[in-house]
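Peer 1: Below you will find the structure I want to go over with you.
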Amino acid sequence: MYIPQRQLANLKEAVTPGKVVVIYGPRRVGKTTLLKKYLESIPEEVLFVNGDDIVIREYLESQSTEKLRDFVGNHAILIVDEAQYINQVGRNLKIIVDTIPSLRIIATGSSSFDLAKDIGEPLTGRKRVLKLLPLAQMEIAHMEKPHQTKANLDARLIYGSYPEVILLRGNTERQSYLRELVSSYLFKDILQLEGIRHADKLQRLVQLLAFQIGNEVSLAELGKQLGMSKNTVERYLDLLEKVFIIFRRSGFSRNLRKEIVKNQRYYFYDNGVRNALINNFNPLEIRDDTGALWENYVIVERLKKQEYLGQSANAYFWRTYDKKEIDLVEERHGTLSGFEIKWKRRTLHAPKDWVNAYPNATFEVIHRDNYLQFIQ
């Protein structure tokens, strides 16, 4: 199993007495594997429990200081895997931290429904949040030579970067794994924790999104196609974001009236999941969505890089009503940068409206020959 070394280093740095480290990320990306690798370097006693266990939940849902202290015992580190299943886990972890200030605590969750709020409010100032996503190219680069990276690019666009997918060599096995991931795990937390009754509409929604990568999404139009209200569509999209299937980008606007700001674009955290949802694993040479796959891949890999290196930046797309556009706009420390993402190398100039409105902004085309320096 591949171990994301950057996040392992971030985890080691983040775990300190009196603090709670929360690791979010989709199912099957290796959160438990990361924890076990971390524990190899820990000589102290560790209490490792799973929030899916009803007995564990009974202890960790208790408000009794004595009961919680007895549960932890003399352990130096408490790890709560699948913490999203424990009611008011943040409140009780705060009780434990207050009672045993020398204790180090790690909690993981494959969704951030109530977990983010539950942990966030009681533990304000006492927590550190890490995200673990499908393997980043900046991590994979340490495991393969440059010519292998070049040879594997098509596969990354088609099959994505889940750890198991990277390990599998045959395309048939990769397809089987991704189909199983989508059918058995992808919506598990939404269906279990949120009581969604229309699983078929949820899956249909993500399929519709899969065909709209790089385009603004109309909630009203999605609702019309699915036979549900705009508000329900909005709720479903929020849930899909909280289980790390999709993420959104908003329109950027500062100076022009004709800039689009209200609509959203949605991207997938993993190309393989996107392709499994629409059951299309065809090679790139016979696809008509290569540009969309490339845009999704570059944007999510950029997100991973910034997340893992702590390089915070506000990310948007930019488009005007007369269809001038830039795929990715980043705002960082008061500096604006525009990036157009193209599968084939092309010489492009920034749109005149962009240059006139933001004369100090930079502009760059990201393509197959220069993308690695952008995402590694």
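Okay, so the sequence shown: first residue is 631 according to my numbering, each after it adds one. Built from N, CA and C at the ideal position, the CB exists for glycine as well.
(1) DSSP puts alanine 737 in a beta bridge; with which residues?
(2) Between the beta-carbon of leucine 821 and the beta-carbon of isoleucine 875, is there less than 8 Å?
(3) With a CB to CB cut of under 8 Å and the five nearest residues on each side skipped, what residues in its chain are close to arginine 758?
(4) Within the stretch 914–991, note down every full alpha helix (DSSP H) run reaching 4 residues or more, in order along the chain.
(5) Please state the DSSP three-state secondary structure of isoleucine 876.
(6) Using 10 angstroms around the beta-carbon of glycine 660, count the other beta-carbons present and answer buried if the total reaches 16, otherwise exposed.
(7) Within 10 Å of its beta-carbon, does serine 859 have 16 or more other beta-carbons around it, so buried, or fewer, so exposed?
(8) With a Cβ-Cβ cutoff of 8 Å, do leucine 958 and phenylalanine 969 count as a contact?
(9) Below 8 Å, can you find three or more Cβ-Cβ pairs linking the stretch 977–992 to the stretch 880–898?
(10) Of the residues Gly703, Val928, Leu914, Asn905, which one's Cα is nearest the Cα of arginine 809?
(11) Do tyrosine 899 and phenylalanine 877 count as a contact pair if the criterion is CB distance below 8 Å?
(12) Could you please give me the residues that DSSP links to valine 847 through a beta bridge?
(13) Three-state secondary structure (DSSP) at phenylalanine 678?
(14) State the DSSP-derived secondary structure class of leucine 886, mapped to helix, strand or coil.
(15) So tyrosine 927 and arginine 734 are supposed to be a Cβ contact under 8 Å. How far apart are they, rounded?
(16) Quick one: residues in its chain with C-beta nearer than 8 Å to the C-beta of glutamate 955, no 5 flanking neighbours on either side, listed in chain order?
(17) So which of Gln941, Thr992, Ile672, Tyr632 has the shortest CA-CA distance to threonine 965?
(18) Do tyrosine 792 and arginine 658 count as a contact pair if the criterion is CB distance below 8 Å?
Peer 2: This is what the structure holds:
(1) For this step, residue 737 is matched to residue 107 along the sequence shown. Per DSSP, Val652, Val710.
(2) Taking the first residue of the sequence shown as position 1, residue 821 is located at position 191. Taking the first residue of the sequence shown as position 1, residue 875 is located at position 245. No, these two residues do not count as a Cβ contact at 8 Å.
(3) Along the sequence shown, read from residue 1 onward, the residue named residue 758 stands at position 128. Correct list, in chain order: Ala644, Lys649, Val650, Val651, Val652.
(4) Residue ranges of uninterrupted alpha helix (DSSP H) with 4 or more members, entirely inside the stretch 914–991 and ordered along the chain, are 920–939, 982–987.
(5) To locate residue 876, count along the sequence shown from 1; it is residue 246. Three-state DSSP puts isoleucine 876 in a strand.
(6) Position 30 of the sequence shown, counted from the first residue, corresponds to residue 660. It counts as buried.
(7) For the purposes of this step, residue 859 is identified with residue 229 of the sequence shown, where counting begins at 1. Burial call: exposed.
(8) As a first step, residue 958 is located in the sequence shown; it is residue number 328 there, counting from the start. As a first step, residue 969 is located in the sequence shown; it is residue number 339 there, counting from the start. A contact, by the Cβ cut-off of 8 Å.
(9) Output reads yes: the stretch 880–898 touches the stretch 977–992.
(10) The sequence position of residue 809 within the sequence shown is 179, counting from 1. Of the candidates Gly703, Val928, Leu914, Asn905, the one whose C-alpha sits nearest the C-alpha of arginine 809 is Asn905.
(11) Here the question's residue 877 lines up with position 247 in the sequence shown. Here the question's residue 899 lines up with position 269 in the sequence shown. Result yes, Cβ atoms of phenylalanine 877 and tyrosine 899 sit closer than 8 Å.
(12) On the sequence shown, residue 847 is found 217 positions in, with the first residue counted as 1. According to DSSP, which records beta bridges pairwise, valine 847 is partnered with Gln894.
(13) Mapped onto the sequence shown, residue 678 falls at position 48. It is a strand residue.
(14) For this step, residue 886 is matched to residue 256 along the sequence shown. DSSP places leucine 886 in coil when its eight states are reduced to three.
(15) What you label residue 927 is simply residue 297 of the sequence shown in a count that begins at 1. What you label residue 734 is simply residue 104 of the sequence shown in a count that begins at 1. Actually they do not touch by this definition, with Cβ atoms about 36 Å apart.
(16) Position 325 of the sequence shown holds residue 955. Once the five neighbours on either side are set aside, the close Cβ partners of glutamate 955 are Phe947, Trp948, Arg949, Pro981.
(17) Start at 1 with the first residue of the sequence shown, and residue 965 comes out as number 335. If we check each option's Cα against that of threonine 965, Thr992 comes out closest.
(18) Along the sequence shown, read from residue 1 onward, the residue named residue 658 stands at position 28. Along the sequence shown, read from residue 1 onward, the residue named residue 792 stands at position 162. Yes, the pair counts as a contact, with Cβ atoms nearer than the cut-off.
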